[in-house]
Ligand SMILES: NC(=O)c1ccc[n+]([C@@H]2O[C@H](COP(=O)([O-])OP(=O)(O)OC[C@H]3O[C@@H](n4cnc5c(N)ncnc54)[C@H](OP(=O)(O)O)[C@@H]3O)[C@@H](O)[C@H]2O)c1
């Protein structure tokens, strides 16, 4: 059984706390070190973090002293997960990679770097090879891998079978995003209670760009990006967990909703045989009941790692239309990063 000591950067934040909860009983990874800002460094974790997970803070971390996010203070870990605020992730993650400590990050900062894999293990596991293009250390021991924006995960997971079967011409979507996606304390209650906010600053460009890298093809040492327009409207809704998307897709090779649903049902995950502990047995679940999926009922399906799909139908504009939903801080953040780490172990990138 693999056995690694891990650190968490941004451990006091919403994503950092999710890492702690998901790693609590992980069979391969043991939390050794927690890092956050200088506001938190030096304090016991239980005093530094405003714990918002709906389970008791694990004893194994409550007494750990929070460290400054400096690579020199993390010499005792094999790699780090990052849930750092994007205002500081660029420098801190590079410092760790330069020191030969691999970084598996949720932050947006390196997602579009042509040498950094933007990874969903079920979609583009071969992109992992980009790591060899990174120059942080001469021996290749330090590198960065990222996971996508939390809307992009259910979007691309459902587009992948369609792309493989029919090709994609264009995508239009509206996201209805949970408030946990804004971190803590996040959106003021007076803004979000009984309301919908029609803009999430900075979100739409990520939804436009990241799918094209994820659905791109590894050619030699580069990703040739997919080439289709994505038009997104990102909204915030009064839901705690689970981002819902209404997606309409134009296909290169015409197909109707029945055929689209069939290819999604028949699609086989390329990592299905690797026995990764966090991999959901069914990455996509198609609901027949037209009332589903719903964030409150289905965000936790398969430990929050499954993408739920429903209401697949023929579209009046473009070809097919459906809703997709996934847990934003699990599948869209910490759980996705943990699955990335498991794949990186299996493929021999984490020594
Ligand atoms: N929430 C989601 O659904 C989601 C999904 C996907 C990706 N992400 C990304 O994941 C990252 C974390 O998001 P979040 O929602 O967890 O944010 P958050 O709750 O605001 O947490 C931010 C973390 O960054 C730390 N930090 C801030 N300034 C720092 C500094 N100068 N040096 C070191 N650490 C510093 C904070 O430590 P202190 O407590 O000490 O300030 C805290 O631990 C962001 O990049 C976000 O875009 C979030």
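In our numbering, the protein residues as written are 18 to 368. We treat Cβ as the ideally placed atom computed from N, Cα and C, and that holds for glycine.
Sequence-distant residues of the same chain with beta carbon closer than 6 Å to residue i, five excluded per side
i	result
residue 214	253
residue 250	191
residue 60	83
residue 25	33, 36, 51 and 98
residue 95	21 and 22
residue 297	319, 322 and 323
residue 29	53, 57, 65 and 66
residue 117	154, 158 and 159
residue 177	140
residue 168	192, 224 and 260
residue 40	46 and 48
Distance cut-off 7 Å: residue i Cβ against heavy atoms of ligand 1
i	result
residue 348	no
residue 109	yes
residue 29	yes
residue 87	no
residue 306	no
residue 102	yes
residue 125	yes
residue 280	no
residue 84	no
residue 57	yes
residue 62	no
residue 200	yes
residue 357	no
residue 352	no
residue 286	no
residue 105	yes
residue 71	no
residue 326	no
residue 259	no
residue 53	yes
residue 79	no
residue 345	yes
residue 33	yes
residue 197	yes
For residue i, the nearest candidate out of the options (CA to CA)
i	options	result
residue 302	265, 276 and 340	340
residue 120	296, 27 and 219	27
residue 310	223, 52, 85 and 327	327
residue 222	248, 53, 207 and 88	248
residue 64	80, 297 and 49	80
residue 171	181, 246, 224 and 364	224
residue 282	266, 291, 304 and 269	304
residue 42	68, 100, 85 and 77	77
residue 69	38, 85 and 324	38
residue 136	288, 261 and 321	288
residue 238	115, 125 and 146	146
residue 131	55, 231, 168 and 217	231
residue 112	260, 133 and 87	87
residue 106	53, 177, 206 and 332	53
residue 203	158, 351 and 255	255
residue 265	242, 271 and 335	335
residue 186	359, 167, 229 and 363	229
residue 165	209, 365 and 347	347
residue 75	295, 91, 198 and 48	48
residue 316	294, 344 and 293	344
residue 353	208, 108 and 294	294
residue 46	270, 292, 359 and 365	359
Spatial neighbours of residue i in its chain, beta-carbon cut-off 7 Å, leaving aside the 5 residues before and after
i	result
residue 277	179, 329 and 337
residue 127	110, 133, 161 and 163
residue 286	139 and 300
residue 72	38
residue 183	268, 269, 270 and 272
residue 226	129
Spatial neighbours of residue i in its chain, beta-carbon cut-off 8 Å, leaving aside the 5 residues before and after
i	result
residue 181	280 and 284
residue 210	255
residue 273	331, 336 and 337
residue 262	168, 171, 172, 190, 191, 192, 193, 340, 341 and 342
Hey, which unbroken runs of the beta strand (DSSP E) at 3 residues or more fall wholly within the region 155-209? 161-163 and 185-194
Which ranges does the alpha helix (DSSP H) cover as unbroken runs of at least 4 residues, wholly within the region 210-254, from first to last along the chain? 220-231
Please specify which runs of the alpha helix (DSSP H), each continuous and at least 4 residues long, are wholly inside the region 300-353, giving them in chain order. 312-315 and 318-321
Going along the chain, which unbroken runs of the alpha helix (DSSP H) with 4 or more residues stay wholly within the region 24-102? 31-40, 62-65 and 76-79
Every unbroken alpha helix (DSSP H) inside the region 107-159 [4 residues or more]: none
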